[in-house]
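When the count follows numbering that gives the first Met the number 0, it moves up by one through the sequence shown with no breaks and lands on 215 for the last residue.
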Amino acid sequence: MNEILLVQPGDRDNAPGVISVAIINDYEIIVRGVAAMLAPFAHRVEIVEVDAGGNPSVPADVALFDTFAGRRQTLARASEMVDDGRAKHVVLYTWDATAAFVQGAQEAGVSGIVLKTRSAEALVDALERVAAGEKIGFDGPGQELASRIIELSDRESEVLALIAQGLTNARIADELYLSVETVKTYVKRLYAKLDVHNRAQAAIAASELQLVRRTT
Numbered sequence: 000m001n002e003i004l005l006v007q008p009g010d011r012d013n014a015p016g017v018i019s020v021a022i023i024n025d026y027e028i029i030v031r032g033v034a035a036m037l038a039p040f041a042h043r044v045e046i047v048e049v050d051a052g053g054n055p056s057v058p059a060d061v062a063l064f065d066t067f068a069g070r071r072q073t074l075a076r077a078s079e080m081v082d083d084g085r086a087k088h089v090v091l092y093t094w095d096a097t098a099a100f101v102q103g104a105q106e107a108g109v110s111g112i113v114l115k116t117r118s119a120e121a122l123v124d125a126l127e128r129v130a131a132g133e134k135i136g137f138d139g140p141g142q143e144l145a146s147r148i149i150e151l152s153d154r155e156s157e158v159l160a161l162i163a164q165g166l167t168n169a170r171i172a173d174e175l176y177l178s179v180e181t182v183k184t185y186v187k188r189l190y191a192k193l194d195v196h197n198r199a200q201a202a203i204a205a206s207e208l209q210l211v212r213r214t215t
């Protein structure tokens, strides 16, 4: 595995405007993956720590906590990071866009939530905004979806539920006794109704939406 170059806090004077980030997760492979994703943006983000299993141990503008554990444990860890104060801001990097998680994150005192459906550049943009003092992710697309009533047919609801479980189109076709082409048609309809662009976003939307099935 390639080594990740960490910038020491004392070396940051030569990089005005660049924010320092500590990447935190319970698994080394995860934190290294996130670090590799941010590597092309070294002119904007300096990684000062990559930690598996702990909390930030060096000063940083932002602690990016890649969440993996259950919701309760994640929010407890986030609260500890906020209280510790080594990182000026804490951002949760997560798949969870549910209202309960967002509310818990706000109560824990984190500065932002970034969904893993976002691109690497969008993640960097979010980190910079948080470092500048902005709160992000607390009224994002997931919360907007939660307040809408989306009308789906019975079959569309079934397909969406299976997408949320991570099934491929072929697997969904087997489960529902449909052709793959028919499943693709349903998926396209769902994307349009939910205003999403990929399966990960559809799964997140499914966790937020109040689904209303047609009765006619």
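In this text, a Cβ means the ideal position worked out from N, Cα and C, and glycines have one as well.
All figures in this text were calculated on a predicted structure; none of them were measured in a lab.
Those residues which DSSP pairs with residue i across a bridge
i	result
VAL61	VAL20 and HIS88
LEU114	THR93
ASP50	ILE23
LEU37	BP columns for LEU37 are empty, so no partner.
ILE135	GLY111
VAL44	ILE18
Residues near residue i in its chain [Cβ-Cβ closer than 6 Å; skip 5 each side]
i	result
TRP94	LYS115
VAL33	ILE22 and ASP65
Buried versus exposed call for residue i [16 or more other C-beta atoms within 10 Å across all chains shown]
i	result
ILE28	exposed
PRO55	buried
GLN164	exposed
GLY132	exposed
GLU143	Its pLDDT being 49, under 50, GLU143 is placed unreliably in this model, and the value from its coordinates should be taken loosely. GLU143 is exposed by the Cβ-count criterion.
SER244	Examination of residue 244 is not possible in this model, given that the chain is present from 0 through 215 alone.
is_contact[residue i, chain C] using C-beta, thresh 8 Å
i	result
THR116	Of the protein chains in this structure there is only one, and it is not chain C.
Neighbourhood of residue i by C-beta, 8 Å cutoff - its chain only, sequence neighbours within 5 removed
i	result
SER178	ALA172
ASN168	VAL179, VAL182, LYS183 and VAL186
LEU166	GLU174
Contacts around residue i, its chain only, beta-carbon distance under 7 Å, and the 5 residues preceding and following it disregarded
i	result
ILE129	The sequence given here has Val at residue 129, not Ile. Taken in chain order, the residues that qualify are VAL61, HIS88, VAL90, SER110, GLY111 and ILE135.
ALA41	none
ALA86	ALA21, PRO55, ALA59, VAL61, ALA62 and MET80
LEU161	ILE171 and GLU174
Segment limits, alpha helix (DSSP H) that includes residue i
i	result
ALA131	Premise fails: ALA131 is in no alpha helix (DSSP H) and is neither H nor E.
THR73	70 to 83
LEU175	168 to 175
THR181	179 to 193
Pick from the options that is closest to residue i, judged by C-alpha positions
i	options	result
ALA51	GLU106, VAL81 and ARG31	ARG31
ALA99	GLU120, HIS196, LEU74 and ALA201	LEU74
ARG70	TYR92, VAL49 and GLY53	TYR92
GLU157	ALA125, GLN200, ALA205 and VAL101	ALA205
ALA199	GLU45, ALA77, ARG117 and ARG76	ARG117
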